[in-house]
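Here the structure is laid out as structure tokens; the discussion comes afterwards.
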Ligand SMILES: [Zn+2]
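Residue numbers (the numbering used here): 111 to 607.
Given below as structure tokens:
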């Protein structure tokens, strides 16, 4: 196939390894890149070295209105939507890092090292014999206990999602067409649960015996999500628009920012004490750690004056730690997505020079993948990482997904994210073979920055000067090196535009 036929793929991988190892790589400014007369391989899908590409990712990528009226282009996700999806996954990733590493949240939840003092016999010589000496033992459980913040955060997020979904569904009065009603963006934690639920289409369609009609009809708000995330920033911070924050608080009674609500300083002593029971040792040696529903009830029913947000936070905690099976299932759905989120953070396509080409090709490959469903209805088909991204993006807009699936695949396909590797592997091999036979293209390809940039370069329509393979590889290397050095500088905090 194309990438193993002498376009210097091996050489590129070697250069890349060197670049990653050599973190002091000097940063070429954008202007040197622009003036580089050898940079003629810019692909038709606009790889990064275009003069306007100061920002990574390039803002030109985010086109949300479909320009064409062709049906296929309406039913399938667009490059802009897939790019916004990558930004969202980055935001999820960094939220998890922030919660897991926050020492402020450790303190709020009563998680602290508990060193133990033990007395050991020590031999002091023939005359003195043995003495007992106090030894401080390090707390081995501390690291593990810090990890309990994230599942609790997810349970709170799932509780908040249910409150939000109920508020959203209430708005329907039958007089306004659902499409015409714009949905306020929810907070990031709620968005994460909503996103995970949508990736289980059949569960979502009959969600706990009640239909989420409005959420079914509403296309996922990619444009608003893109606007809310600062993807140029290393940590992809998400800022909820002020009017959406007001809508959320008014309609759910909950604080718009869960993290802030948890770590804020001013809180009533009782509420503060209650939160620390999450991580503090139990009252007696055989009581487990963790908040207790009964303790929360005591506070809520007592005459202690709590402010509104503290009351709603405690109620939310009560629900989250209770026995609501839906909350457990939602938390599991988010946790199943973690490996995909991590893979996307590793690939980091969103900051690669070839992002537009990568997504353009992924959408094309996804449409071929759907055709396989129609051609081989009894076969279990397994997606590659790039195809899965487009598939997930499609599922996020349930109405459009169902229409698209019926049209492209001939039926509704459930996306089962619970299937393990034993079933996946033979399915993958079969899909790979069928894809090759049907479309004459390689199914499993390397999606690293270098290979993707190379593919964009050689599929370019703008290639005026015929270059030899070595020259193309060299130019792709320069482009990737620039993007990589920007990324490295961002991580080291030394990048400035
Ligand atoms: Zn590669």
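Cβ atoms here follow ideal geometry from the backbone N, Cα and C, with glycine treated the same way. Predicted model, so just to flag it, every value in this text is computed and none were measured.
What is the rounded straight-line gap between the Cα of residue i and the Cα of residue j?
i	j	result
residue 422	residue 372	12 angstroms
residue 196	residue 534	24 angstroms
residue 263	residue 203	14 angstroms
residue 462	residue 545	26 angstroms
residue 158	residue 501	In this prediction, residue 158 scores a pLDDT of 38, lower than 50, which makes its location untrustworthy; the coordinate-derived value is nonetheless stated afterwards. Cα to Cα, the separation comes out at about 25 angstroms.
residue 414	residue 315	43 angstroms
residue 412	residue 426	17 angstroms
residue 344	residue 321	38 angstroms
residue 554	residue 494	7 angstroms
residue 67	residue 581	The question about residue 67 has no answer here: the residues shown for the chain are numbered 111 through 607.
residue 296	residue 323	17 angstroms
residue 516	residue 485	13 angstroms
residue 192	residue 512	18 angstroms
residue 211	residue 254	12 angstroms
residue 510	residue 519	13 angstroms
residue 294	residue 459	28 angstroms
residue 190	residue 174	6 angstroms
residue 387	residue 244	29 angstroms
residue 370	residue 585	46 angstroms
residue 288	residue 330	With a pLDDT of 49 at residue 288, under the threshold of 50, the predicted position of this residue should be treated as unreliable, though the coordinate-derived value follows. Their Cα atoms are separated by approximately 13 angstroms.
residue 444	residue 567	37 angstroms
residue 274	residue 437	13 angstroms
residue 162	residue 170	Confidence at residue 162 is low in this model, with a pLDDT of 40, below 50, so its placement is unreliable and no value can be given for it.
residue 363	residue 565	51 angstroms
residue 432	residue 448	24 angstroms
residue 403	residue 409	10 angstroms
residue 430	residue 265	5 angstroms
residue 168	residue 301	24 angstroms
residue 367	residue 526	31 angstroms
residue 278	residue 499	27 angstroms
residue 605	residue 578	34 angstroms
residue 276	residue 269	11 angstroms
residue 93	residue 304	What is shown of the chain runs 111 to 607, which leaves residue 93 out entirely.
residue 341	residue 218	29 angstroms
residue 471	residue 496	9 angstroms
residue 488	residue 521	12 angstroms
residue 543	residue 247	57 angstroms
residue 594	residue 165	14 angstroms
residue 600	residue 229	49 angstroms
Could you check whether the Cβ of residue i sits closer than 6 angstroms to any heavy atom belonging to ligand 3?
i	result
residue 558	Ligand 3 is not among the ligands present in this structure, which contains only ligand 1.
Between residue i and residue j, which are expected to be in contact by the criterion C-beta below 8 angstroms, what is the C-beta distance as a whole number of angstroms?
i	j	result
residue 227	residue 256	So it is not a contact: roughly 22 angstroms between Cβ atoms.
residue 559	residue 596	Actually they do not touch by this definition, with Cβ atoms about 12 angstroms apart.
residue 209	residue 259	6 angstroms
residue 467	residue 562	6 angstroms
residue 346	residue 200	4 angstroms
residue 491	residue 541	5 angstroms
residue 405	residue 384	6 angstroms
residue 271	residue 440	7 angstroms
residue 299	residue 267	4 angstroms
residue 332	residue 194	4 angstroms
residue 457	residue 557	6 angstroms
Along the chain, where does the alpha helix (DSSP H) containing residue i start, and where does it finish?
i	result
residue 554	Run containing residue 554: none; DSSP gives neither H nor E here.
residue 404	403 to 411
residue 579	579 to 602
residue 192	189 to 211
residue 497	495 to 505
residue 517	508 to 518
residue 311	311 to 315
residue 566	559 to 568
residue 384	379 to 386
residue 605	Looking at the DSSP string, residue 605 is not in any alpha helix (DSSP H), and its letter there is neither H nor E.
residue 370	368 to 373
### Message
With three or more C-beta pairs closer than 8 angstroms as the rule, is the stretch 238 to 248 touching the stretch 373 to 382?
### Response
The stretch 373 to 382, when compared against the stretch 238 to 248, does not touch it at the 8 angstroms Cβ threshold.
### Query
Quick one: any contact between the stretch 301 to 319 and the stretch 500 to 509, if contact means 3 or more CB pairs under 8 angstroms?
They touch, by the three-pair rule.
### Message
In chain order, what are the residue ranges of uninterrupted beta strand (DSSP E) at least 3 long that sit wholly in the stretch 224 to 297?
### Response
The qualifying runs are 226 to 233, 240 to 247.
### Query
Does the count of Cβ pairs from the stretch 344 to 359 and the stretch 467 to 476 closer than 8 angstroms reach three?
Verdict: no, contact absent.
### Query
Between the stretch 444 to 459 and the stretch 404 to 419, do three or more beta carbon pairs fall short of 8 angstroms?
Short answer: they don't touch.
### Query
What residue ranges within the stretch 413 to 473 form continuous alpha helix (DSSP H) runs of no fewer than 4 residues, ordered along the chain?
Taking only runs of at least 4 residues, the alpha helix (DSSP H) segments lying wholly in the stretch 413 to 473 are 418 to 431, 435 to 457.
### Message
Extract the residue ranges of the alpha helix (DSSP H) inside the stretch 325 to 360, only unbroken runs of 4 or more that lie entirely within it.
### Response
Secondary structure within the stretch 325 to 360: the alpha helix (DSSP H) runs of 4 or more consecutive residues, fully enclosed, are 332 to 338 (chain order).
### Task
Indicate whether the contact test is met: 3 or more Cβ pairs, each with one atom in the stretch 515 to 531 and one in the stretch 336 to 356, closer than 8 angstroms.
The answer is no - the stretch 336 to 356 does not touch the stretch 515 to 531, with fewer than three Cβ pairs under 8 angstroms.
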